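A.B. asks:
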Amino acid sequence: MVTIRGWLVHLRSSGKVRFLVVRDGTGLVQGVMVKGGLPEEDFQQFDCLTLESSLIVAGRVKAEPRAPGGYELEVTRLQPLQIAQDYPISPKEHGVAFLLDHRHLWLRSQRQQAILKVRDEVTRACRDFFHERGFVLVDTPILTPTACEGTTNLFETSYLDRGKAYLSQSGQLYLEAAALALGKVYCFGPTFRAEKSKTRRHLMEFWMVEAEAAFHTLADIMQLAEDLVRCLVLRVLEHRREELSTLERDLAPLEKVAQPFYRLSYTEALARLKAQGREMNWGEDLGGDEETTLSQMFDRPVMVHRYPRECKAFYMEADPEDSKLALCVDMLAPEGYGEII
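Under our numbering, think of the first position of the sequence shown as 34, with each following residue one higher.
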């Protein structure tokens, strides 16, 4: 005998047999109510139920391949807790604008739940990855006195009588100071960009992982980045395959991260782009179109390293073998997603 507390997702009746699908946050289960199999008062309670009503159901579990999850509940008790008003998100298709206006309710859909569970897995895997390698978590400020890289895409606010403050775009400069005290540090928190472009590459708010290690070489950093991405992807594949199936995600590209990532110098990347008909002058930074073109050439992530110093930030170390180059790397994801590190 089991008891489930949750919310009603679907219901239907065929006379003396009634079906209800309940969500409790861990998944869905179908309950079957047969007249005579539970108190008559409980059986009649079915008639007052509406979508998203909260309730308690109890009964015996049995295998049923046709039911959600492969099991169903033979209901012996039904107790409504709160009858919901008309639920605005019906099973029919809705536009994104409508769903965003009802965002708090949209979260109850299977797709949105799957997204949040995958994200939760990535977050926990990321923290585990850095802790296992001796990195210390440093919570960097959200309100900062200036921009990290001199950009103008800042959210500005007044800081009492001390002038202006800005929502953080990066914790990097704080981490660099912390690395000189702790050796290896990372932060994981919200980042804000006052982006005016409405594209899949521009977000006003997102969460970002940043790491600093005092004595890592470029080779060390590239290996750490590869290990991190591989760890996150394999962790999601191990624990969230059901959610990936809900999202209709092709797993084949994800499974290829088990192989070594590709590495290209900036100069080699330009040569490959030229072969594809994309001419660039040496010294120009790769734009979104160039990153997309490069990433589509490979079936797993590719790391482009040693960019010209003139197109990178001031704090990037010069290559001792060629002072025109910076010891830096960008990781581009396959399938055209572009830069992820």
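Glycine included, each C-beta is placed from N, C-alpha and C at the ideal position. Everything numeric in this text was worked out from a predicted model, so none of it was measured.
Contact between the segment 196-208 and the segment 164-179: three or more CB pairs below 8 Å?
C.D. replies: Segments in contact, yes.
A.B. asks: Which residue's Cα is closest to the Cα of P334: V362, G70, V129 and G316?
C.D. replies: For the residues V362, G70, V129 and G316, the minimum Cα distance to P334 belongs to V362.
A.B. asks: When we look at the beta-carbon of P367 and count the other beta-carbons within 10 Å, is it buried (16 or more) or exposed?
C.D. replies: The residue is buried, with at least 16 neighbouring Cβ atoms inside 10 Å.
A.B. asks: Suppose only complete runs of 4+ residues qualify. What are the alpha helix (DSSP H) ranges in the segment 247-286, listed by chain order?
C.D. replies: Complete alpha helix (DSSP H) runs here, min 4: 251-272 and 274-279.
A.B. asks: Please confirm whether V90 and L114 have their CB atoms less than 8 Å apart.
C.D. replies: Against a cut-off of 8 Å, the Cβ pair of L114 and V90 comes out as no contact.
A.B. asks: Indicate whether L297 and V337 have their beta-carbon atoms separated by less than 8 Å.
C.D. replies: The answer is yes: Cβ separation under 8 Å.
A.B. asks: Report yes or no: do the segment 288-295 and the segment 152-166 share at least 3 C-beta pairs separated by less than 8 Å?
C.D. replies: No, the segment 288-295 does not touch the segment 152-166.
A.B. asks: Put H127 into one of helix, strand or coil per three-state DSSP.
C.D. replies: Reduced to three states, the DSSP call for H127 is coil.
A.B. asks: Tell me, to the nearest whole angstrom, how far the beta carbon of V35 is from that of V108; I am working on the premise that it is less than 8 Å.
C.D. replies: Wrong, their Cβ atoms sit about 11 Å apart, outside the cutoff.
A.B. asks: Ordered along the chain, which non-local residues of its own chain (more than five positions away) have a Cβ less than 7 Å from that of T326?
C.D. replies: Answer for T326: L306, Q309 and R311, listed in chain order.
A.B. asks: Here's a check: name, in chain order, each residue in its chain whose Cβ is nearer than 8 Å to the Cβ of L82, leaving out the five neighbours to either side.
C.D. replies: Counting only Cβ-Cβ distances below 8 Å, and skipping sequence neighbours, we find L41, L44, L53, L88, P113 and I116.
A.B. asks: Can the beta-carbon of Q205 be found less than 8 Å from the beta-carbon of E238?
C.D. replies: Taking 8 Å as the Cβ cut-off, Q205 and E238 do not qualify as a contacting pair.
A.B. asks: Among D134, G60 and S46, which has the Cα closest to the Cα of V67?
C.D. replies: Comparing Cα positions, the closest option is S46.
A.B. asks: Could you compute how far the alpha carbon of F162 sits from the alpha carbon of L284?
C.D. replies: For F162 and L284, the distance between alpha carbons rounds to 22 Å.
A.B. asks: Could you tell me the alpha carbon to alpha carbon distance between A212 and A252, rounded to whole angstroms?
C.D. replies: A212 and A252: Cα-Cα distance of roughly 18 Å.
A.B. asks: Within this structure, are the beta carbons of G371 and R234 separated by less than 8 Å?
C.D. replies: Cβ atoms of G371 and R234: closer than 8 Å.
A.B. asks: Name the residue from G316, R110, L138 and A130 whose alpha carbon lies nearest to the alpha carbon of I122.
C.D. replies: Measuring from the Cα of I122, the nearest candidate turns out to be L138.
A.B. asks: Please list the segments of the beta strand (DSSP E) lying wholly inside the segment 75-138, counting only runs of 3 or more residues, in order along the chain.
C.D. replies: For the segment 75-138, whole beta strand (DSSP E) runs of length 3 or above, ordered along the chain, are 87-96 and 104-115.
A.B. asks: Cutting at 8 Å between CB atoms, please list the residues of its own chain near E228, excluding the five before and the five after it.
C.D. replies: Counting only Cβ-Cβ distances below 8 Å, and skipping sequence neighbours, we find N186, H235, L236 and M237.
A.B. asks: What span of residues does the alpha helix (DSSP H) with A308 cover, start to end?
C.D. replies: From DSSP, the alpha helix (DSSP H) with A308 extends over Y299 to A308.
A.B. asks: Determine whether the beta carbon atoms of Y295 and P341 lie at a separation below 8 Å.
C.D. replies: Not a contact, by the Cβ cut-off of 8 Å.
A.B. asks: Confirm, please, whether the CB-CB distance from V55 to G377 is below 8 Å.
C.D. replies: The shown model of the chain, from 34 to 374, leaves out residue 377, and the question about it has no answer.
A.B. asks: Grab me the residues of L277's own chain with a C-beta within less than 6 Å of its C-beta, minus the 5 sequence neighbours each way, in chain order.
C.D. replies: Closer than 6 Å at the Cβ level, and outside the excluded window around L277, lies no residue.
A.B. asks: Skipping 5 residues on each side, what residues in its chain have a beta carbon closer than 7 Å to that of G316?
C.D. replies: Cβ within range, chain order: P341, E343 and C344.
A.B. asks: Per the DSSP calculation, E73 is bridged to which residue(s)?
C.D. replies: According to DSSP, which records beta bridges pairwise, E73 is partnered with nothing at all.
A.B. asks: Evaluate V50 with the Cβ neighbour count: other Cβ atoms within 10 Å of its Cβ, from every protein chain shown; 16 or more gives buried, anything less gives exposed.
C.D. replies: Exposed.
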